[in-house]
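Student: Input: one structure, supplied below.
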Amino acid sequence: MGNLALGLPGFVPATPAGIMTLLERNGVPTEGKHAVVIGRSSIVGTPMSLLLSRSGQPGNCTVTLCHSRTQNLKEHCLRADILVAAVGRPEMVTADMVKEGAVVVDVGITRVEDPTAKRGYRLKGDVAYDEVAGKCSWITPVPGGVGPMTIVSLLRNTLLAAKAKALN
26 MGNLALGLPG
36 FVPATPAGIM
46 TLLERNGVPT
56 EGKHAVVIGR
66 SSIVGTPMSL
76 LLSRSGQPGN
86 CTVTLCHSRT
96 QNLKEHCLRA
106 DILVAAVGRP
116 EMVTADMVKE
126 GAVVVDVGIT
136 RVEDPTAKRG
146 YRLKGDVAYD
156 EVAGKCSWIT
166 PVPGGVGPMT
176 IVSLLRNTLL
186 AAKAKALN
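Going by the working numbering, the letters in the sequence shown line up with residues 26 to 193, in that order.
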């Protein structure tokens, strides 16, 4: 985390790394955009805010880091060109919190009871996808959005660690 904050080489937490790859590969413009990250965890929210603020593409964002107790959270979210929801509360982000044309990245994944589902539950993200998706220029689903990219990034970190160890 220290290396990340200082812009030094090191391992980037898997979920933020995966999100940056998603933004890059999907051609999402970030330069000069206002990004709002909801969630301040040391493994997702804080590193995500650092990565989005770094120089480069993706990056060069002005970043607001919020959390579940941020006053006027809705107003912060409505200013976001890019909204990353990583707070761990199912469907906390609703359509009235998202500006038209925003990019929305849903990091949340919570099991919610559903007796009609085969397993007795459904996975829900932090974003109320069905009501928010129509307002977005780009949005990640749950499941199937950020999760697979987290796995890929974790495997990449593992490979880089093995290579570094082999060189020593």
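The C-beta atom is built at its ideal place from N, Cα and C for all residues, glycine as well.
Values in this document were obtained by computation on a predicted structure and should not be read as measured data.
Nearest to Ala30 by alpha carbon, out of Ile63, Pro140, Ser74?
Tutor: The shortest Cα separation from Ala30 among Ile63, Pro140, Ser74 belongs to Ser74.
Student: Going straight from the alpha carbon of Glu138 to that of Arg147, what length do you get?
Tutor: 6 Å
Student: Alpha carbon to alpha carbon, what distance is there between Ala153 and Arg136?
Tutor: 14 Å
Student: Please give me, in chain order, every unbroken run of the beta strand (DSSP E) with length at least 3 that falls completely inside the segment 59–142.
Tutor: Taking 3 residues as the minimum length, the beta strand (DSSP E) runs contained wholly in the segment 59–142 are 59–63, 87–91, 107–110, 128–131, 135–138, in order along the chain.
Student: Where Thr95 and Leu192 are concerned, what is the direct C-alpha to C-alpha distance, given to the nearest angstrom?
Tutor: 46 Å
Student: For Leu33, name the three-state secondary structure that DSSP assigns.
Tutor: coil
Student: Looking at Gly150 and Val112, is the spacing between their C-beta atoms short of 8 Å?
Tutor: no
Student: Among the candidates Gly133, Val129, Ala187, Cys102, whose CA atom is the shortest distance from the CA of Met122?
Tutor: Cys102
Student: Confirm, please, whether the CB-CB distance from Val177 to Val195 is below 8 Å.
Tutor: Nothing can be reported for residue 195: it is not among the residues displayed for the chain, which extend from 26 to 193.
Student: With 16 other CB atoms within 10 Å as the buried threshold, where does Lys58 fall?
Tutor: buried
Student: Please name the residue or residues paired with Val152 in a DSSP beta bridge.
Tutor: The partner list for Val152 (beta bridge, DSSP) reads Val118.
Student: From Val53 to Ile44, what distance separates their C-alpha atoms?
Tutor: Within the model, the alpha-carbon separation for Val53 versus Ile44 is close to 11 Å.
Student: Let me know the secondary structure DSSP gives Arg181 once reduced to three states.
Tutor: helix
Student: With a CB to CB cut of under 6 Å and the five nearest residues on each side skipped, what residues in its chain are close to Thr87?
Tutor: Taking C-beta separations shorter than 6 Å and ignoring five residues to either side along the sequence, the partners of Thr87 in its chain run His59, following chain order.
Student: Could you give the residue range of the alpha helix (DSSP H) that holds Glu49?
Tutor: 39–50
Student: Spatial neighbours of Pro83 within its chain, please: C-beta separation below 6 Å, excluding the five flanking residues on both sides.
Tutor: Setting aside the 5 residues that flank it on each side, Pro83 is surrounded in the same chain by Met45, Leu48, Glu49, Thr55, each with a C-beta closer than 6 Å to its C-beta; the list follows chain order.
Student: Below 8 Å between beta carbons: does that hold for Asp155 and Ala127?
Tutor: no
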